[in-house]
Amino acid sequence: MSVAPPRKKSRAVFWIAAVVIGSIILATALLANDMRNLRALDDRYHLNLFPKPEQHAAAPAAPAQEQQPAHAATPAAAAPKTSGPTATSVRVKPATVTAKPSVKKRSHLLDEPVDALLSAFVRSWRISGQALCADLQKFGLSVGEWRQSELGAGTSECSYAVQKGAYGDPKAASFFIIARGKPSGEIDTIRIKVIMPDNDDGKAVAGTFVDTVVLLLNETHWLDFQAALEAVGKLQDVTLQAFGAKLAFFKEFQSDNNFNLQLELRRTSPEQLRTAIVFDKARWTLPSPPSTN
């Protein structure tokens, strides 16, 4: 039995294939990412595989004489004397190019607020003039519909008045309410004026007055103003103002039986006025085009 000799040819093929595969892997690693790894080896071992771009030295400034005009190249001493005015040499300075300073952008997140841009929270009516007049009508106050005011075409209102007793009678009671605003339905102010003498008519007007105030505060949803109901029930002067809205109840100076209540938007600070202008529908909303049939 004879032993077969080792296959030297098979081993040679194996090593050749291994070298080829390894070379492919190495070449891929060196040439990937714009030959970044190969450039790193070149910088590390100074192989100079990549020629560096030539840096052209700046040309020296030309002598002043070369930059003079041709007619002024001759020295002044050698110039012929003439009866006319002598020509003066003009020296031209080379133009210098100054590098523009780089502008670094910075964040304005932590900057101090600009006063001209400050705003504030402001209140607005949660109900339109048309809806308020309809609710007052259902409540029993015949205010009518939201209609044009006698003050002009830019104002609308609804109102109601009742007189119990003869006019001029000091014991007569009366109730008056008016809601006024823009034709679009935005309310500006609500005012109630009552005369409540100490008799049956005065007590009836007082009951209607308190119920109406409760209704108005519920319609506006300004819950913090409901703190004034206790003072109103006791006929004590009270004024509340917050977020550009104001409630004021006070006694008139000419009589202890005459009272006024005002519920209105009162924007006084520049921040409140600026916010009100931004959210003013009449200013920024275009009117709807007329419908054509």
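Each residue of the sequence shown is one higher than the last, beginning at 1 in my numbering. Glycine included, each C-beta is placed from N, C-alpha and C at the ideal position.
So, residue i versus residue j, is the Cβ gap smaller than 7 Å?
| i | j | result |
| --- | --- | --- |
| Gln262 | Arg180 | no |
| Phe253 | Asn260 | no |
| Val143 | Ala173 | no |
| Leu240 | Phe225 | yes |
Ignore the nearest five residues each way along the sequence and tell me which others in residue i's own chain have a CB closer than 6 Å to its CB.
| i | result |
| --- | --- |
| Glu264 | Thr189, Lys246 |
| His71 | Legend: pLDDT at His71 = 47, less than 50; position of this residue unreliable, no value from coordinates given. |
| Ala77 | Because Ala77 sits at a pLDDT of 44, beneath the cut-off of 50, its placement in the model cannot be relied upon, and the following sentence gives the value as read from the coordinates. So no residue of the chain qualifies. |
| Lys182 | none |
| Leu141 | Tyr160 |
| Ile127 | Glu219 |
| Lys164 | Ala173, Asp201 |
| Asn258 | Ile195, Glu252 |
| Lys193 | Phe176, Asn260 |
Is DSSP giving residue i helix, strand or coil here?
| i | result |
| --- | --- |
| Glu264 | strand |
| Ala166 | coil |
| Arg191 | strand |
| Arg36 | helix |
| Lys138 | helix |
| Leu247 | strand |
| Ser124 | coil |
| Phe259 | strand |
| Phe176 | strand |
| Gly144 | coil |
Shortest alpha-carbon distance to residue i belongs to which of the options?
| i | options | result |
| --- | --- | --- |
| Val232 | Arg147, Ala248, Phe243 | Ala248 |
| Val162 | Val13, Ile178, Asp135 | Ile178 |
| Lys203 | Ile16, Leu235, Ser149, Asp43 | Leu235 |
| Ser255 | Leu136, Met196, Ser159 | Met196 |
| Glu157 | His221, Val205, Gly165, Cys133 | Cys133 |
| Trp125 | Trp222, Ala27, Lys171 | Trp222 |
| Gln137 | Gly154, Thr212, Asp200, Gln148 | Thr212 |
| Asn199 | Phe243, Gln226, Pro170 | Pro170 |
| Leu217 | Ala242, Ala228, Ala12 | Ala228 |
| Ala242 | Ser23, Gly168, Ala32, Arg266 | Arg266 |
| Phe139 | Gly168, Val210, Leu41 | Val210 |
| Gln208 | Ile25, Phe176, Asp43 | Correcting the residue identity first, residue 208 is Thr in this sequence and not Gln. It is Phe176. |
Beta-carbon within less than 7 Å of residue i's beta-carbon, same chain only, minus the 5 sequence neighbours each way: which residues are those?
| i | result |
| --- | --- |
| Gln130 | Trp146, Gly185 |
| Ile187 | Trp125, Gly129, Leu132, Ala179, Gly181 |
| Arg44 | none |
Report all residues from its chain with a CB closer than 8 Å to the CB of residue i; omit the five preceding and five following residues, and keep chain order.
| i | result |
| --- | --- |
| Leu30 | Asn37, Leu38, Leu41 |
| Ile21 | none |
Could you check if residue i belongs to the surroundings of the ligand FMN, using beta carbon to heavy atom distance under 6 Å?
| i | result |
| --- | --- |
| Lys234 | The model on display carries no ligand, and the ligand FMN is accordingly not part of it. |
* To do: Return the chain-ordered ranges of every beta strand (DSSP E) run that is complete within the stretch 182 to 243 and spans a minimum of 3 residues.
  => 187 to 195, 238 to 242
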